[in-house]
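In UniProt numbering, the protein residues as written are 1 to 184.
Read the structure below first, then the notes.
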């Protein structure tokens, strides 16, 4: 099956590409988890985070925002010793801060989807160079989330998040998933 240029032959990556990436998501739990994971990815490859995703689910309370918002500094230090995750104190503190900010939102799903007008933006890129790293929508999302108290939500992270959540569909036209996800 033809896939996007970024998908390597790792079975975990293939499954993520084929089943998750670019599929419109409106489940608040999934959206929260992915927002945190995209923050953990900053400066690293996505496959690195993907391989650690199961462990993150274990040590971050199943991405339960209410419990994560109460994570203590001692619990953060405990996680700093765990080789199964990316041991970055700033990113762990950001996960707690982002959980606190998330809980203050009345309707996070509507807010997040508002940056694309509530419906997926379907792109028709034919090559790698056409896929942007940042868009005006991602810049607006980043600015709004920062104002609401989120961190590790720069425009590049927000655009990667929008791609993952299917807010924008950036499978290239030579990828089999493009035809599936571009349908109305």
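Every residue, glycine too, gets a C-beta built ideally from N, C-alpha and C.
Here the alpha carbons of residue 165 and residue 24 stand approximately 5 Å from one another. Proximity to residue 152 across 183, 95 and 173 peaks at 95, based on C-alpha coordinates. Distance from the CA atom of residue 45 to the CA atom of residue 106, rounded to whole angstroms, is 32 Å.
A distance below 6 Å between beta-carbons, with the five flanking residues on each side excluded, links residue 160 to the following residues of its chain, in chain order: 38.
Taking the Cα of residue 117 as reference, the smallest distance to any Cα among 137, 123 and 158 is reached at 137. With at least 16 other beta carbons inside 10 angstroms of its own, residue 98 counts as buried. For residue 25, no alpha helix (DSSP H) encloses it, and the DSSP letter there is neither H nor E. The secondary-structure analysis by DSSP pairs residue 122 across a beta bridge with 169. For residue 134, the closest of 93, 175, 69 and 162 by C-alpha to C-alpha distance is 162. Taking each of 50, 32 and 5 in turn and checking the Cα distance to residue 84, the smallest one comes out for 50. Cβ neighbours of residue 171 within its own chain (closer than 7 Å, five residues either side excluded): 4, 22, 177, 178 and 181.
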